[in-house]
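*Asks:* Shown below is the structure under consideration.
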Amino acid sequence: MQEFIIQVMNQFGYLGVCFLIAVENIFPPIPSEVILTFGGFMTTYTRLTVPGVVIFSTLGSTIGALVLYWVGTALNPQRLEALTKGKLFRVLGFEKEDVEKTIRWFDKHGKKAILLGRCVPIIRSLVSVPAGMAGINMPVFLTYTMIGSTVWNIILVSLGAILGASWEVVLVYIGKYSAFIKAVLIAAVLFLAVRFMWKKVFCRGTDVE
1 MQEFIIQVMN
11 QFGYLGVCFL
21 IAVENIFPPI
31 PSEVILTFGG
41 FMTTYTRLTV
51 PGVVIFSTLG
61 STIGALVLYW
71 VGTALNPQRL
81 EALTKGKLFR
91 VLGFEKEDVE
101 KTIRWFDKHG
111 KKAILLGRCV
121 PIIRSLVSVP
131 AGMAGINMPV
141 FLTYTMIGST
151 VWNIILVSLG
161 AILGASWEVV
171 LVYIGKYSAF
181 IKAVLIAAVL
191 FLAVRFMWKK
201 VFCRGTDVE
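Numbering-wise (UniProt numbering), the sequence shown opens with residue 1 and increments by one.
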């Protein structure tokens, strides 16, 4: 994957950066840290500049975020209600009210979630879906997406430019950061699963009595 990313960027320059970042936003397994830090390194031996890489990577981030935002808008109340009535939701113990609470929370705190989420691996891509589901105003969504993405892009591109040929050092630390985020997400999912199952069993026991 890393070799393919480097090849595309070496061949297409700014357009390669924009394309790869757009795809990375839609498919999180593609590492943005490789694209951005190597893009920074490229500014030391090509005509690419740090501001140029940041601008085109932010454009790619925005394009990818819009795709996922539209996916979220496709989950209208009717479709969402149908999903909550599905077998998977029932097995996991989720209820319609739980989903509605989540959307209400995102509707209230969505701006902060979008802004901060753009600087967190994995979440930076997925945060666009609930934004679309919650119906966050498009100009607001774009503004916070671009601000958050720009901050993330400036940090990694600048590090790549500063470290030069040693740009891969950044990947080690970003890898640890990503691993920590994954551990937190897994713990959160397990906690919610246990909570919902406990609630389901407890409620059943109460009804029997």
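Just so you know, even glycine gets a beta-carbon here, dropped at the ideal spot from N, CA and C. Model, not experiment: these values are computed from the prediction.
Determine the direct distance from the alpha carbon of LEU68 to that of PHE4, and round the result to whole angstroms.
*Replies:* Distance between the alpha carbons of PHE4 and LEU68: 24 Å.
*Asks:* What residue range is occupied by the uninterrupted alpha helix (DSSP H) comprising LEU142?
*Replies:* Per DSSP, LEU142 belongs to the alpha helix (DSSP H) from 138 to 163.
*Asks:* Would you say ALA131 and ILE114 are within 7 Å of each other, going by their C-beta atoms?
*Replies:* Closer than 7 Å, so yes.
*Asks:* Should ARG124 be counted as a contact of the ligand NAD given a C-beta to heavy atom distance under 6 Å?
*Replies:* Ligands are entirely absent from the displayed structure, and the ligand NAD is therefore not among its contents.
*Asks:* Roughly how far, in whole angstroms, is the beta-carbon of VAL22 from the beta-carbon of GLY64, given that I think they are within contact range, below 8 Å?
*Replies:* The displayed chain sequence assigns Ala, not Val, to residue 22. Contact holds; Cβ gap of about 4 Å.
*Asks:* Return yes when the Cβ of GLY40 is within less than 7 Å of the Cβ of ALA161, no when it is not.
*Replies:* Their beta carbons are under 7 Å apart, which means ALA161 touches GLY40 by this criterion.
*Asks:* Look at the Cβ atom of LEU36, then the Cβ atom of LEU156, and state whether they are nearer than 7 Å.
*Replies:* Yes, the Cβ-Cβ distance between LEU36 and LEU156 is below 7 Å.
*Asks:* Does DSSP classify VAL120 as helix, strand or coil?
*Replies:* Note: VAL120 maps to coil in three-state DSSP.
*Asks:* Between the C-alpha atoms of TYR14 and PHE56, what's the straight-line distance to the nearest angstrom?
*Replies:* C-alpha separation (whole angstroms): 6 Å.
*Asks:* Which two residues bound the contiguous alpha helix (DSSP H) that contains ILE55?
*Replies:* Note, ILE55: alpha helix (DSSP H), 50 to 74.
*Asks:* TRP167 and PHE38: beta carbons closer than 7 Å?
*Replies:* Cβ distance < 7 Å, so TRP167 and PHE38 count as in contact.
*Asks:* Determine the closest residue to PHE141 out of LEU48, LEU116, PHE12, ILE154, with distance taken between C-alpha atoms.
*Replies:* Out of LEU48, LEU116, PHE12, ILE154, LEU116 has the C-alpha closest to the C-alpha of PHE141.
*Asks:* Run through DSSP, which three-state label would ILE26 get?
*Replies:* The answer is helix: DSSP assigns ILE26 an H, G or I state.
*Asks:* LYS112 to ILE6, Cα distance in whole Å?
*Replies:* Their backbone Cα atoms lie some 33 Å apart in a straight line.
*Asks:* Roughly how far, in whole angstroms, is the beta-carbon of GLY60 from the beta-carbon of CYS18, given that I think they are within contact range, below 8 Å?
*Replies:* The pair is a contact, with the Cβ atoms about 4 Å apart (cut-off 8 Å).
*Asks:* What span of residues does the alpha helix (DSSP H) with ALA131 cover, start to end?
*Replies:* That run of the alpha helix (DSSP H) goes 128 to 133.
*Asks:* Kindly indicate the opening and closing residues of the alpha helix (DSSP H) around GLY40.
*Replies:* Here the alpha helix (DSSP H) through GLY40 covers 32 to 42.
*Asks:* Does the beta-carbon of PRO139 have 16 or more other beta-carbons within 10 angstroms, so that it is buried, or is it exposed?
*Replies:* When all chains shown are included, PRO139 counts as exposed.
*Asks:* What does a CB cutoff of less than 8 Å around VAL170 pick up in its chain, not counting 5 residues either side in sequence?
*Replies:* Excluding sequence neighbours, VAL170 sits near GLU33, THR37, LEU156, LEU159, GLY160, LEU163.
*Asks:* If you compare alpha carbons, which of LEU66, LEU48, ASN25 is closest to PHE12?
*Replies:* With distances taken between Cα atoms, PHE12 lies closest to LEU48.
*Asks:* Are THR62 and THR145 touching if we call contact CB-CB under 7 Å?
*Replies:* For THR62 and THR145, yes; Cβs fall inside 7 Å.
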